[in-house]
Every structure is written in structure tokens, then in C-alpha cells.
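Trainee: These protein sequence lines map, in sequence, to chains G and X.
Our numbering puts the first residue of the first sequence at -7, with every later residue one more than the last.
Our numbering puts the first residue of the second sequence at 5, with every later residue one more than the last.
Sending over a structure as C-alpha cells; questions will come in a sec.
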Amino acid sequence: MSDKELWPEGVQRCSLKLFIAWLAVVFAVLVWGVYAAYVVWSGGLIVTGMDNYFAFGLYIIFDLGVIALGAGAFFSGLLYYLVRVEGLKNIINLAVIIGFICYSGALLILTLEVGQPLRAWFGFWHPNVHSMLTEVIFCITCYMLVLTIEFIPIILENRKLNKIKFLHHMAHNFHVIMPLFAGVGAFLSFFHQGSLGGMYGVLFSRPYAFREGFFIWPWTFFLFILSAVASGPGFTMLVATLMEKMTGRKLVDFSVKALMGKISGTMLAIYLVFKYLDTWAWATGILPRSGLTFSEVFYGVAYGKWLLFSELVVFGLFPAVLLLYSKTRNTPWILYSACTMVGIGVIINRYVQTAQTLAHPIMPFDRWYVYVPTWAEWAPSLAVIAYGALILSLAYRYLPVFPQERKLNQA
Amino acid sequence: MVLYLKEFKIKWGMVIDLDRCTGCGACMVACQAENNIAPPVDASNKRYSMTWLLVYQLSNKQPYPNHDVAYMPRPCLQCGKPNCVPVCPVIATDKNQEGGIVSQVNARCIGCRYCMAACPYHARYFNWQDPVWPEGMEKTLTPDVSTRPRGVVEKCLFCHHRYMYARDKARIEGRDPNALNEGDYIPACVEMCPTGAMVFGDLQNPEHKVHKLSKSPYAFRLLERLNTKPQVYYYSKREWVRKQGDNYLEHETVGGV
């Protein structure tokens, strides 16, 4: 039994048995996550580690993390379709699929996060135009539709499907209008990446997160966009590399990877300039105005100063230098390590913006609490990763995701 | 983002004398009973409690014999500039009715908890579990206060239903419902306070006691400098108590006296 006829032309894939065995592992994690979702829906959010102090927890941190890492889709699309950076042609399909996975995964988690999931549509029906969350709800949903539209032509290019004349033409026409969707996607993604940051920046009664504004947007709006576009391309490249390691085949030329690293490094450097300015303005302006000292907003290991140092230096400045300097960027293991560090840095940022903001006692007689997620939060998060592995596995096996694959593996 | 301060002709508010409060908790019990707050299934973790009004213990952190404590009842402070209102994506909470009480529409709330993240006073509570009342206790529920399902955020509303009663009563008696006398409308916690530490009325009305008390140099508001403009004032002649109403840096002096 073989599914060879469904593979893209001229490529090699593992046996169907091995593929099914791999999918069984993926499904096991997925089933665990689905069971956790059932427990959350039937038992309520009491089964999570969230409480009256920690209104947001791992679900939100995970959502913010994957959405930032999925930014490779919109930013690569913007650079390829609108700025015409031709080298990205060889990784753009993967970027779109990763974006689709990250956004759909985040939406799946959000259904668990809302206390009344059946009322989730109220966000569209009774929108509060002053709320950053309303902007997130609208933009994230619209961008999910755009990502779906961008994913469809890749599916239609499956060898068997493409033989159907109608689907062949449909895929072609989708490609023709893709620059339009890349533009719409970039616009939508720009706003909701920003609004996710804005959600925290407008909390004027939470000095850890509150920031001054530029028109109606607090600084965090722009910082979230910049940090997302800094980490997204690098993450896309890392996924391609991981797929290469797992399949034993070369999928993307190293020059493309180095280009993705260069984009990440450049955006990270721009981000860090503003992030350093923001941190300084926050420490010397917002905190003293709130009656707080720099030391007072850090606590223990879970919310220690080491997190800020790690975010800004170890997983910020250090990888930025490595990615900007061509010699280190063109050394594969340094490139991979630096992009991994950028990803870790952005996740630390999303963690502190969420957990530390809520943990920090604002009333002088209040106290710090530490948030610990439960299995009911880890399981769906891991299931989303498994869901991503499932989509990527199917896409790699049956769709022409990597245009360079045949050429790179000819020898 | 609109960080607006809405002005109202009537601004219901409270002044709580922390030098009188003994921390007895009668206000908490009254609040729970009046507002149909179900007894907790498991009260071992206070971070899941449903206490619209919570009494905090404050300490001057001095060793005996200089040690001193104060008790601070904290209802929803009905901020003049509430952070919870502009963040709500579905307008489940708003500050728009004459009286300046921050409302909460339970049937509209989607349970995103963004308002909880926004409130520095921890005055908003999430229904982590479906409310269950012991058999027979349903007979004690207040008929004009809706019960709330699991998955929505709720909070103190200054016993808003009592405000409605008072207005109706005034109409029936041929009085202006927008010019209630002092005492026509008071929340359950204020009514139940055995020491008279809680005073309620219209902060805008010079004839109401709260108006005068709120102007006292001994009056202060929680986290004044965050500019949320609460409609609940605290009162204490003890400086260390007033100082704990806000975060003060070493070189700063406390407001008031």
C-alpha cells in the first residue's frame, strides 16, 4: 500500500507505515488536549491555574507567543508580494502554513479561555469600540480568513487535485490575487499584533504594563508589532530546519535561511532600540509617578529581574548582534541558535507582560502571588503544537511546499 | 483609548472610617446575603472566593508596643475613571447611569476577564463554578437580584436594586426620584455596619454627610495617584493608615494632613 501518487512530483517520502506511526504519536497528544478541553468546558475554568488574581494565564501567554511566532506569515508575505524580496519565494508557502497553524491554534485556545464560549460572538454583535480586545477579535478573525484564502491554493496544488481543470484554474487565479491578500493580511496582522500589545499598555491602573501613548495607542502597541516581526521570520526558518532534520532531506537553501535570519536580526535591532527607550522611560517615569521603585516590581524567581535581563540582553541584544554580523549569521549552528534565542526572548516578553503584570501587588498592603499553570492548560497548548505538526506533516507529504526540494536533493 | 471622566449630577459614594472599623465582617456577610452570592463549595483557596466586599487587614509593621492595625472594607470603588469599562470588548460593564455606579450586565459578559486584569483593587470576581445553594436556602434569595452563572465576572453594584426601590418609593410618594434624601438609599453593608464606620450618600450633595466627610483632610482614596477617581473615600486620623492608601516613595509625604 502506498500513497506515492499523492506526493508532489519528483520527491521522496517515508513509507506510509512510518508516516502513520508518526501521526499516531501526534494524535495521542491531540487526544490528550481534546480531553483537557472537555474537562475545561464541562468543569469550568476552575480546573486551570487561573484565579481572581490571575485573570489571564498560560492560555493567553501561549496565544500571544504563537501569534508572535506566526508573524513570519504576514511579514514574509509583505516582503515577498509587496516589497518583492524574491529570495522569500522558496519559503513563503511554509510561512503561510505556519501562520495558519499559529492563528487557528490561538483561536482554538481562545475558545477555552472565555468563560462563556457560547457568547464569544458578542464581540462582533456588541462591540466596544474603545476596547483593544475588540480590535483583536475583529482583526484576528479577519486575518484567519485571509490565511485560509492564502492556504487554499497551496492545497489545490496537490498533484491529484491539480489535475482537475477547475481546481487548477482556481489555484492559478488565487495566486494572481495573492498580493492583494498579502496586503490585506499585513494590514490586519499589523493591527491585531499591535492591539495585543495595546491590551496591556492601556491598563493605566497596572503600572507594570501601562505605557504612555501615541495618539490612541500606547507604546506597547508598536513594541508588540516589532517584536513579532523580529521573531516570526526566524521561527519560520527554524521550522524548515527542524523539518529537514526530521525528514533527512534538504528543503530550503541556506541562503534563504540566512536571509530570514537577516530580516529577524534587523527587525530585532530596531525593536531593541525602542524597547530600551521604553524600559528607561517606564523605570524613570511611570514607576516613580505610581509611587513604585524599579526593585518593587520584581519578585523572587518567577518574577525576578533576571527575566528583564534575559529578555533585553541574553535573548535580545546578543542574538541581534549574531544575526546582524554576516559571518556569524552564515554559520548554520549560530544562525539557528540566534533565531531560537529571539523566539525565547519574545516568549519571555509575553510572559512578563501577562503574569507579572497581574502578580504585581499595586495596593501597598497587598502581596505577590505566583501563578502555576495546571495540566488542563498545558495539555491544550501541547495539543495545538501537535495540531501544527499534523498540518505540517500532511502538507509536507502531499503538497508542494518547498519549491527548491527537488533541486536540492538531486545529487 | 478613551480615559474619560464622566460627570454626574448625583454621584453615590461612601466614606469608610477606618478608625471605627473593627473588621467584624458584618458588611461582608450582609453583602453576600443581599446579593445572592452562593456559599463556596470549597473555601480553602481564598483566591477563588466571591467577596464583592472584602475586608483587608492593614498593619503599621511596628513591633509591640507600637504595633497597630486597621481594617479596610473594600467594595467596588465605582471609579470615576474606571479602567474596567473601556477595556470590556462587549460593553458588559459601563458607567452611564445617573448616580455614577459602574454597572455589570451578567447576561452580556463573555467571561474574558479583561476587566479583572484592569482593576487594581481586585474588586471584580469571576464565577469559577456554578453557584449552588444548600437546600432550603433558595428561599432566602433576594428576588430582585439576578443570580449569575459560571463563567461571568461580577462585582459590587452598591446594591443597585435598593437604589431602584428608593426611586420607586419616592415616585409613589410624589417626590423627585432624582433628589433622594439621605438614608433613602443605602447598600446592605452600610446598613449592617455595627460601628457606623460606613457612611453612604451623594458625594455631590452638600446636605449629605459623605459630601462633608469626603472633603476632610483625613479623607483619602485608594491609589489616588493612578487617577481612577474612586467614589469610595476612606477616613483615618492615623497617618500610617492614610499612607497605606497609596504607594509612597521614601522622599514623598502623604496627602491630607
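Here a beta-carbon is modelled for each residue, glycine too, at the ideal position from N, C-alpha and C.
Here the structure is a predicted model, which means the values were calculated and not measured.
Locate the beta strand (DSSP E) running through residue 63 (chain X), then write down its first and last residues.
Mentor: 58 to 63
Trainee: Taking the beta carbon of residue 6 (chain X) as the centre, do at least 16 other beta carbons fall within 10 Å, making it buried, or is it exposed?
Mentor: In this predicted model, residue 6 (chain X) has a pLDDT of only 47, less than 50, meaning its place in the structure is not dependable enough to derive any value.
Trainee: Enumerate, from N- to C-terminal direction, the unbroken alpha helix (DSSP H) stretches of 4 or more residues contained entirely within the region 20 to 96 of chain X.
Mentor: Fully enclosed alpha helix (DSSP H) runs of 4 or longer: 30 to 38 and 88 to 91.
Trainee: Return the CA-CA distance between residue 227 (chain G) and residue 372 (chain G), expressed in angstroms with no decimal places.
Mentor: 21 Å
Trainee: I want to verify the contact list: residues of chain G whose CB lies under 8 Å from the CB of residue 90 (chain X), in sequence order.
Mentor: Chain G residues near residue 90 (chain X): 120, 122, 123 and 194.
Trainee: Any idea if residue 16 (chain X) is buried or exposed, counting beta-carbon neighbours within 10 angstroms, 16 or more meaning buried?
Mentor: buried
Trainee: Can you list, in chain order, the residues of the region 67 to 83 of chain X whose Cβ is nearer than 9 Å to any Cβ on chain G?
Mentor: Correct list: 76, 78 and 83.
Trainee: Could you check which residue in X:56, X:105 and X:26 has the C-alpha nearest to that of residue 11 (chain X)?
Mentor: X:105
Trainee: Quick one: which residues of the region 40 to 52 of chain G get their C-beta closer than 7 Å to a C-beta of chain X? List them in chain order.
Mentor: 43, 44, 45, 47 and 48
Trainee: Please decide whether residue 130 (chain X) counts as near chain G, where near means a Cβ-Cβ distance under 9 Å.
Mentor: yes
Trainee: Taking C-alpha atoms, which residue in X:120, X:201, X:163 and X:198 lies nearest to residue 188 (chain X)?
Mentor: X:163
Trainee: For the beta strand (DSSP E) containing residue 205 (chain X), list its first residue and its last residue.
Mentor: 202 to 206
Trainee: Taking a cut of 9 Å between CB atoms, which residues from the region 229 to 258 of chain X lie near chain G?
Mentor: 229, 230, 231, 232, 247, 248, 249, 250, 251, 252, 253, 254 and 256
Trainee: If you measure from the beta carbon of residue 367 (chain G) to each beta carbon in chain X, is any gap under 9 Å?
Mentor: Under the Cβ criterion of 9 Å, residue 367 (chain G) is not counted among the residues facing chain X.
Trainee: Quick one: Cα of residue 347 (chain G) to Cα of residue 238 (chain X), how far?
Mentor: 30 Å
Trainee: Can residue 327 (chain G) and residue 250 (chain G) be called in contact, C-beta distance under 9 Å?
Mentor: yes
Trainee: Spell out whether any CB of chain X is found under 9 Å from the CB atom of residue 106 (chain G).
Mentor: Chain X has a Cβ within less than 9 Å of the Cβ of residue 106 (chain G).
Trainee: Against chain X, does residue 114 (chain G) count as a neighbour if the rule is that its beta carbon must be under 9 Å from one of theirs?
Mentor: yes
Trainee: Could you tell me if residue 107 (chain G) is buried or exposed, where buried requires 16 or more neighbouring beta carbons within 10 angstroms of its beta carbon?
Mentor: buried
Trainee: Could you pull out every residue in the same chain whose Cβ sits closer than 7 Å to the Cβ of residue 380 (chain G), ignoring the five residues on either side in sequence?
Mentor: 93 and 97
Trainee: Given a threshold of 16 other Cβ atoms within 10 Å of its Cβ, counted over all protein chains shown, does residue 378 (chain G) qualify as buried or as exposed?
Mentor: buried
Trainee: If we count Cβ pairs, one from each stretch, closer than 8 Å, do we get three or more for the region 107 to 115 of chain X versus the region 172 to 183 of chain G?
Mentor: no
Trainee: CB-CB under 7 Å to residue 124 (chain G), same chain, minus the five flanking residues each way: which ones, in chain order?
Mentor: 187, 190, 191 and 194
Trainee: Please list the terminal residues of the continuous alpha helix (DSSP H) segment that includes residue 158 (chain X).
Mentor: No alpha helix (DSSP H) contains residue 158 (chain X), which is instead part of the beta strand (DSSP E) from 157 to 159.
Trainee: Enumerated in chain order, which unbroken segments of the beta strand (DSSP E) with a length of 3 residues or greater are wholly contained in the region 161 to 214 of chain X?
Mentor: 202 to 206
Trainee: Could you please tell me which residues of the region 121 to 153 of chain X, in chain order, have their CB closer than 9 Å to any CB of chain G?
Mentor: The region 121 to 153 of chain X vs chain G, Cβ under 9 Å: 121, 122, 123, 124, 125, 126, 128, 129, 130, 131, 132, 133, 134 and 153.
Trainee: Helix, strand or coil for residue 166 (chain G)? Go by DSSP, reduced to three states.
Mentor: helix
Trainee: Starting from residue 202 (chain G), trace the beta strand (DSSP E) in both directions and tell me its first and last residue.
Mentor: Counting along the chain, residue 202 (chain G) sits inside no beta strand (DSSP E), nor does DSSP assign it H or E at all.
Trainee: Which residues mark the beginning and the end of the beta strand (DSSP E) in which residue 237 (chain X) is found?
Mentor: 236 to 239
Trainee: Counting only beta-carbon atoms, is residue 342 (chain G) nearer than 9 Å to chain X?
Mentor: no
Trainee: 9 Å is my cut-off, CB to CB: does residue 5 (chain G) come that close to chain X?
Mentor: no
Trainee: Just mark residue 82 (chain G) as buried or exposed, buried being the case when its beta carbon has 16 or more other beta carbons within 10 Å.
Mentor: buried
Trainee: Using a Cβ cut-off of 9 Å, which residues of the region 281 to 298 of chain G contact any Cβ in chain X, in chain order?
Mentor: Of all residues in the region 281 to 298 of chain G, those with a C-beta nearer than 9 Å to a C-beta of chain X are 281, 282, 283, 284, 285 and 288, reading in chain order.
Trainee: Where DSSP assigns a beta bridge to residue 103 (chain X), which residues make up the other side?
Mentor: DSSP lists X:15 as partners of residue 103 (chain X).
Trainee: Looking at residue 1 (chain G): is its Cβ nearer than 9 Å to the Cβ of residue 151 (chain G)?
Mentor: Taking 9 Å as the cut-off, the beta carbon of residue 1 (chain G) is found closer than this to the beta carbon of residue 151 (chain G).
Trainee: Might you give, ordered along the chain, the residues of its own chain that have their beta carbon closer than 6 Å to the beta carbon of residue 35 (chain G), omitting 5 neighbours on each side?
Mentor: none
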